[in-house]
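Accompanying notes for the structure given below.
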Amino acid sequence: MSDNISSAEIYPNEKFSDKLLRTALDIAENLLRSGGTVHAAEDTVDRICKAHGANHVEVFSITSVIIASIRMEDGEYAMQTRRIYGFSNNFTKLDSLNSISRDLCAKKISLDEAQNRILKAKNENTYSTTVRILVSMIISGAFALFFGGTFLDAVAAAVLGMLIMVISSFAPKALNQLAMNLVLSTIAGFCAIFFTKIGFGDNYDKIIIGTIMLVIPGLSFGTSIRDLLCGDTLSGMLQLIQSVLLAAIIAFGYTIALFCLGAWIV
Amino acid sequence: MWMLNILKLIVTGTLGAAGFAVLFGIKLKHVPVAAVGGLIATAVYVFMDLWGANLFLSNFLATIVCVIYANIFARVLKTPSIVFITASIIPLVPGGSLFYTMSNIILGDGLAAKTYGLNTLQVALGIAGGIVIESLVVSVMLRISQAKLTKKRLDADK
Chain A
1402 MSDNISSAEI
1412 YPNEKFSDKL
1422 LRTALDIAEN
1432 LLRSGGTVHA
1442 AEDTVDRICK
1452 AHGANHVEVF
1462 SITSVIIASI
1472 RMEDGEYAMQ
1482 TRRIYGFSNN
1492 FTKLDSLNSI
1502 SRDLCAKKIS
1512 LDEAQNRILK
1522 AKNENTYSTT
1532 VRILVSMIIS
1542 GAFALFFGGT
1552 FLDAVAAAVL
1562 GMLIMVISSF
1572 APKALNQLAM
1582 NLVLSTIAGF
1592 CAIFFTKIGF
1602 GDNYDKIIIG
1612 TIMLVIPGLS
1622 FGTSIRDLLC
1632 GDTLSGMLQL
1642 IQSVLLAAII
1652 AFGYTIALFC
1662 LGAWIV
Chain B
2 MWMLNILKLI
12 VTGTLGAAGF
22 AVLFGIKLKH
32 VPVAAVGGLI
42 ATAVYVFMDL
52 WGANLFLSNF
62 LATIVCVIYA
72 NIFARVLKTP
82 SIVFITASII
92 PLVPGGSLFY
102 TMSNIILGDG
112 LAAKTYGLNT
122 LQVALGIAGG
132 IVIESLVVSV
142 MLRISQAKLT
152 KKRLDADK
């Protein structure tokens, strides 16, 4: 797996072009994994390789794969690909990767040093699970109010937001994202209707909208259209289909709850 | 009453943006910047809406304003601008209408699905349009500054 690619010692007789491309791709791969754009990833590989003596650089990237080949001034040739399985927004990591790439382009650090810093950036931990759970309570409460719910709705949405975050942080990572979100939204739907029924909340749909902001891919819907307009047609289309499917699955989960408890609510 | 309503929208929008800034793993000292970005986005959107602009236009303008803000602070704090853009446009994101579109499609209510779908697309196009304008301006400005740099270097070589 790509986890042990980043250790510099395991390739003693590596050609310089291979090493250069490996380092550049390590940065680009982690950029994509932490929520960077396709354009930024391609740009990074191009700049780093050109700054270190590559004559010719070809990079192609979509959200799930990077293909790159370089030719050095002495005719040495290297080609590598990377597959990216999913991403999660982590802007601290994005920030430090960006500064590594900037230093590398300005030749302030060597390739080995860059490798060490990439490894360090990879293990950079951000906020703890407790903080994330608290914050998701604030988010879902705030958005329940934002979309026109009452104060009681906001409290109910905050409780459900906590529930969603707890389940998704302790769920196994290998689980299919669509299946995971189906389960989450079904549970949240049942709870929202149950809460309004027992008087803890006034409008179940406002509670649902508040909690849904945590899981709905509204942002990637927007960025996919941005990619389409900027000329990254392929990755835009991939992201668009992914986000529409995910939204449909989430809506389906809530609809299951509505079908089962709908008669009970009115 | 409507003043109170606007205040509620702006406060909750800011809170939401700040919360997502933390979930996205922005450094703690940068979180207030992102929250103010969310405040600006919500305020512009709300006032455009009050003024009677349509969904596309109000989201487009709100995105442009917050993208300018994000770019300024990205230069000051030496961070990629996408960090602040992503967190600030959170209150504009059409999560609610995307959900209503899909649930109406599943329930078979075509008319409502069409209305909500149109809303979602309008908002998404507005946001995307704003970001595209930003990347256009930034790339043109980068090209100009690079041309100036190379010219300076050439002059120095002479």
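Same order as they appear, the protein sequences are chains A and B. So for the first sequence, the numbering used here puts the first residue at 1402; every next one is plus one. So for the second sequence, the numbering used here puts the first residue at 2; every next one is plus one. The beta-carbon is built from N, C-alpha and C at its ideal position, and this holds for glycine as well. Computed from a predicted model, the values in this text were never measured in an experiment.
Enclosing alpha helix (DSSP H) for residue i [first to last residue]
i                      : result
residue 1569 (chain A) : 1552-1571
residue 1581 (chain A) : 1578-1598
residue 25 (chain B)   : That residue, residue 25 (chain B), is in no alpha helix (DSSP H); it is neither H nor E in DSSP.
residue 1548 (chain A) : Unbroken run through residue 1548 (chain A): none, as it is neither H nor E.
residue 1430 (chain A) : 1417-1434
residue 1575 (chain A) : Segment: none, residue 1575 (chain A) is in no alpha helix (DSSP H) and carries neither H nor E.
residue 1623 (chain A) : 1619-1631
residue 1607 (chain A) : 1605-1616
residue 29 (chain B)   : Careful: residue 29 (chain B) lies outside any alpha helix (DSSP H) and carries neither H nor E.
residue 1451 (chain A) : 1439-1452
residue 74 (chain B)   : 56-78
residue 94 (chain B)   : No alpha helix (DSSP H) holds residue 94 (chain B); DSSP gives it neither H nor E.
residue 1489 (chain A) : Residue 1489 (chain A) -> no alpha helix (DSSP H), and no H or E assigned at all.
residue 85 (chain B)   : 82-89
Boundaries (first-last residue) of the beta strand (DSSP E) holding residue i
i                      : result
residue 1478 (chain A) : 1478-1484
residue 1525 (chain A) : Taken as a continuous stretch (DSSP letters only), residue 1525 (chain A) belongs to no beta strand (DSSP E), as it is neither H nor E.
residue 1462 (chain A) : 1455-1463
residue 1469 (chain A) : 1466-1473
Beta-carbon separation (whole angstroms), residue i vs residue j, contact threshold 8 Å
i                      : j                      : result
residue 1541 (chain A) : residue 1561 (chain A) : 6 Å
residue 1457 (chain A) : residue 1631 (chain A) : Contact doesn't hold; Cβ gap of about 24 Å is too wide.
residue 1479 (chain A) : residue 20 (chain B)   : Contact doesn't hold; Cβ gap of about 44 Å is too wide.
residue 1558 (chain A) : residue 1608 (chain A) : 5 Å
residue 1430 (chain A) : residue 1485 (chain A) : 6 Å
residue 85 (chain B)   : residue 35 (chain B)   : 6 Å
residue 38 (chain B)   : residue 89 (chain B)   : 3 Å
residue 1548 (chain A) : residue 1611 (chain A) : 7 Å
residue 1469 (chain A) : residue 1422 (chain A) : 6 Å
residue 66 (chain B)   : residue 45 (chain B)   : 5 Å
residue 1490 (chain A) : residue 1436 (chain A) : 4 Å
residue 1508 (chain A) : residue 1452 (chain A) : 7 Å
residue 1567 (chain A) : residue 23 (chain B)   : About 16 Å separates the two Cβ atoms, so there is no contact after all.
residue 1590 (chain A) : residue 1545 (chain A) : Not really, about 15 Å apart at Cβ, beyond 8 Å.
residue 1527 (chain A) : residue 1482 (chain A) : Actually they do not touch by this definition, with Cβ atoms about 29 Å apart.
Cross-chain neighbours of residue i in chain B, by beta carbon under 8 Å
i                      : result
residue 1537 (chain A) : 20, 24
residue 1651 (chain A) : 100, 103
residue 1579 (chain A) : Within chain B, no residue comes near residue 1579 (chain A); the closest Cβ sits about 13 Å away, beyond 8 Å.
residue 1490 (chain A) : 24, 25, 26, 87
residue 1655 (chain A) : 100, 104
residue 1648 (chain A) : 99, 100, 102, 103
Chain A contact residues for residue i, given Cβ-Cβ distances below 9 Å
i                   : result
residue 9 (chain B) : 1546, 1547
Residues that residue i contacts on chain A, provided the C-beta gap is smaller than 8 Å
i                     : result
residue 13 (chain B)  : 1543, 1544, 1546, 1547
residue 146 (chain B) : Per Cβ cutoff of 8 Å: no residues; residue 146 (chain B) is ~16 Å from chain A at best.
residue 92 (chain B)  : 1547
Under 7 Å from the C-beta of residue i: neighbouring residues of chain A
i                     : result
residue 128 (chain B) : 1623
residue 125 (chain B) : 1622, 1623, 1626
residue 16 (chain B)  : 1539, 1543
residue 133 (chain B) : 1627, 1630, 1631
residue 41 (chain B)  : Result: empty, since nearest Cβ-Cβ is about 16 Å, beyond 7 Å.
residue 33 (chain B)  : Result: empty, since nearest Cβ-Cβ is about 14 Å, beyond 7 Å.
residue 1 (chain B)   : No information on residue 1 (chain B) is available, as it lies outside the stretch 2 to 159 that chain B covers here.
residue 38 (chain B)  : Near residue 38 (chain B) there are no residues of chain A at all, since even the closest Cβ is about 13 Å away, more than 7 Å.
residue 1 (chain B)   : There is no way to answer for residue 1 (chain B), as the model of chain B reaches only from 2 to 159.
Practice prompt. Could you list the residues in the region 1609-1634 of chain A with a C-beta less than 7 Å from some C-beta on chain B, going in chain order?
Written response: Within the region 1609-1634 of chain A, the qualifying residues are 1610, 1613, 1614, 1617, 1619, 1620, 1622, 1623, 1626, 1627, 1630, 1631.
Fill in: Contact set between the region 1518-1533 of chain A and chain B, restricted to residues whose Cβ is under 8 Å from the partner
Listed by position, the residues of the region 1518-1533 of chain A near chain B (Cβ gap below 8 Å) are 1527, 1528, 1532, 1533.
Item to complete: Run through the region 1497-1544 of chain A for me and flag every whole alpha helix (DSSP H) of 4 or more residues, listed as ranges in chain order.
Response: If we require 4 residues or more, the alpha helix (DSSP H) runs fully inside the region 1497-1544 of chain A come out as 1512-1523.
Worksheet item: Going along the region 61-83 of chain B in order, which residues come within less than 7 Å of chain A, judged by CB to CB distance?
Response: Listed by position, the residues of the region 61-83 of chain B near chain A (Cβ gap below 7 Å) are 80, 81, 83.
Worksheet item: When Cβ atoms are compared, which residues of the region 1463-1494 of chain A fall closer than 8 Å to chain B?
Response: Under the 8 Å Cβ criterion, the region 1463-1494 of chain A contributes 1490, 1491, 1492, 1493, 1494.
Worksheet item: Along the region 1495-1510 of chain A, what residues have a CB closer than 7 Å to any CB found in chain B?
Response: For the region 1495-1510 of chain A, the residues whose beta carbon sits under 7 Å from a beta carbon of chain B are, in order, 1495, 1496, 1499.
Worksheet entry | Contact residues within the region 110-123 of chain B, judged by C-beta distance below 7 Å to chain A | Only those residues of the region 110-123 of chain B whose C-beta falls short of 7 Å from the nearest C-beta of chain A would be listed, and there are none.
Practice prompt. Mind checking the region 1416-1442 of chain A against chain B and listing, in chain order, the residues whose C-beta falls within less than 9 Å of any C-beta there?
Written response: So the list reads 1435, 1436, 1437, 1438, 1440, 1441, given in the order they occur along the chain.
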